[in-house]
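Novice: First the structure, then my questions, so here it is.
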Amino acid sequence: DGGAPAAGDLAGRLVVVSAGGTREPLDPVRFLGNRSSGRQGVAIAAAAARRGARVVLVAANVDKALLPDAPAIEVREVETTAQLRDAVRAAATRADVVVMAAAVADFRPATSAAHKIKKTAAGPAPIELVKNPDILAELAAERLRPGQVVVGFAAETGDSEGDVLEHGRAKARRKGADLLAVNEVGSAVGFGDVPNSVTVLDAAGEVLASAEGSKAVVADALLDAVADRLRMATT
Ligand code: CTP
Ligand code: CA
């Protein structure tokens, strides 16, 4: 594979991309969150627009300076997982492609205090957590629009249970998404502006493609696999 993407190969398509990281409130001034910058999701939105798609970018706590300013990209800003889920699902009913690049909080505090939590003599109360819905798994199971290509992202490290690819394969089979982009993290790869590596798996965990380079290169490699899927569905 490789080479320049076919110009306009996503023309006439609606692509929904989630980016950033969700934040779950503890009280009016505090939250549980994660360090996702949103750069990879923004790069996918920009690449899809370059390839002719209309894009809805659901941005969870992405720095304003990183948000694209292009006529083909509509940005919807959200904070919590519940808000991200609502925004993605609303846009997904008409979408040809949904890419879940956001880092979604797996858990949220069971309650959010209406007033700022005070530091009392009794010491801190434990924070009770409840599970968030798995937005990607829901999208894959429900197929809000027939023929829609559903894409997930997985940042993995190797551990005693298996290497990055083994974890990625298991996740691909578990999630039911059409494509899963597996990213190796925790080494020099995947942080800040250093090159990223990505392996694109299908729902059975088979390797379709891999690429290494900037977030833009990774975005185009993933969209090549998406465009292949769309072509397969329409021919
Ligand atoms: N995801 C989601 N909703 C969640 C959690 C994750 O839609 N509640 C999506 C992410 O946007 C990503 C994919 O699922 O596209 C994989 O996320 P990841 O955190 O790697 O998977 P989990 O199933 O949460 O597994 P774990 O964190 O235990 O590795
Ligand atoms: Ca997770």
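With our numbering applied, the sequence shown covers 922 to 1156. Virtual Cβ for every residue (Gly too), placed ideally from N, Cα, C.
#1: Rounded to a whole number of angstroms, what is the C-alpha to C-alpha distance between VAL1138 and ALA1132?
#2: Please report how far the alpha carbon of GLN1004 lies from the alpha carbon of ARG1095, in whole angstroms.
#3: Check whether the Cβ of ASP1027 sits closer than 7 angstroms to any heavy atom of ligand 2, and report yes or no.
#4: Along the chain, where does the beta strand (DSSP E) containing ALA1137 start, and where does it finish?
#5: Apart from the five residues just before and just after ALA1154, which ones in its own chain have a Cβ nearer than 6 angstroms to its Cβ?
#6: Can you tell me where the alpha helix (DSSP H) holding THR1001 begins and where it ends?
#7: Quick check: the stretch 1060-1074 against the stretch 950-959, are at least 3 beta-carbon pairs closer than 8 angstroms?
#8: Which stretch, first to last residue, makes up the alpha helix (DSSP H) that contains VAL1085?
#9: Could you pull the start and end residues of the alpha helix (DSSP H) that LEU935 belongs to?
#10: Mind reading off the beta-carbon distance from ALA928 to ALA966? Whole number of angstroms is fine, and I expect it under 8 angstroms.
#11: Does at least one heavy atom of ligand 1 sit under 7 angstroms from the Cβ of LEU1057?
Specialist: In short:
#1: Here residue 1138 corresponds to residue number 217 of the sequence shown, with the count starting at 1. Here residue 1132 corresponds to residue number 211 of the sequence shown, with the count starting at 1. Their Cα atoms are separated by approximately 7 angstroms.
#2: Looking up residue 1004 in the sequence shown gives position 83. Looking up residue 1095 in the sequence shown gives position 174. When rounded, the distance between both Cα atoms is 24 angstroms.
#3: Residue numbering aside, residue 1027 sits at position 106 when the sequence shown is read from its first letter. It does: the Cβ of ASP1027 is within 7 angstroms (strictly closer) of some heavy atom of ligand 2.
#4: The residue given as residue 1137 occupies position 216 in the sequence shown. No beta strand (DSSP E) contains ALA1137, which is instead part of the alpha helix (DSSP H) from 1136-1155.
#5: For the purposes of this step, residue 1154 is taken as residue 233 along the sequence shown, with counting starting at 1. So the qualifying residues of the chain are GLY1068.
#6: Taking the first residue of the sequence shown as 1, we reach residue 1001 at position 80. First-last for THR1001: undefined, no H or E at that position.
#7: no
#8: Within the sequence shown, the letter at position 164 stands for residue 1085. Taken as a continuous stretch (DSSP letters only), the alpha helix (DSSP H) holding VAL1085 covers 1085-1096.
#9: Along the sequence shown, read from residue 1 onward, the residue named residue 935 stands at position 14. Looking at the DSSP string, LEU935 is not in any alpha helix (DSSP H); the run it does join, the beta strand (DSSP E), is 935-941.
#10: Residue 928 sits at position 7 when you count from the first residue of the sequence shown. Residue 966 sits at position 45 when you count from the first residue of the sequence shown. Contact flag wrong, Cβ pair sits at about 18 angstroms.
#11: The residue you call residue 1057 lines up with position 136 of the sequence shown. Indeed, a heavy atom of ligand 1 lies less than 7 angstroms from the Cβ.
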